[in-house]
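Read the structure below first, then the notes.
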Amino acid sequence: MNSVKTNNSMQTQHIESRYIRMNRLMQLLTQLFGKGNFVVDVIDGSYRLSVPRRLTDEEIDGISF
1 MNSVKTNNSM QTQHIESRYI RMNRLMQLLT QLFGKGNFVV DVIDGSYRLS
51 VPRRLTDEEI DGISF
């Protein structure tokens with residue numbers, strides 16, 4: 001499980017992990033929100049994100065394979 005510290009104004013989003021590599025997800029989240037501004041947990045085959053805003057379908061598609 002990878003976790004990064006967060007603050008209180010976060011939204012939760014679940015993304016199936018089957019077609020997304022963790023390293024690409026972490027790169028995208030760091031680019032969008034900056035290091036330390038999100039949390040990623042792996043739970044039952046999905047990523048649970050705590051992020052300042054939900055990722056768009058286009059952003060998710062961009063890191064999928």
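For what it's worth, full-length UniProt numbering labels the leading residue of the sequence shown as 1, then goes sequentially. Just so it is clear, CB atoms sit at the ideal spot from N, CA and C, and this is done for glycine as well.
N-terminal and C-terminal residue of the alpha helix (DSSP H) that residue i is part of
{"i": "T30", "result": "22-33"}
{"i": "D57", "result": "57-63"}
Nonlocal neighbours in the same chain, by C-beta distance under 7 Å from residue i, ignoring five residues either side
{"i": "I60", "result": "I15"}
Residue burial classification, residue i (beta-carbon count within 10 angstroms, cutoff 16)
{"i": "Y47", "result": "buried"}
{"i": "F65", "result": "exposed"}
Neighbourhood of residue i by C-beta, 8 Å cutoff - its chain only, sequence neighbours within 5 removed
{"i": "S17", "result": "V42, G45, S46, Y47"}
{"i": "M10", "result": "F38, V39, S50, V51, P52"}
Boundaries (first-last residue) of the beta strand (DSSP E) holding residue i
{"i": "R48", "result": "46-51"}
Sequence-distant residues of the same chain with beta carbon closer than 6 Å to residue i, five excluded per side
{"i": "I20", "result": "I63, S64"}
{"i": "K35", "result": "none"}
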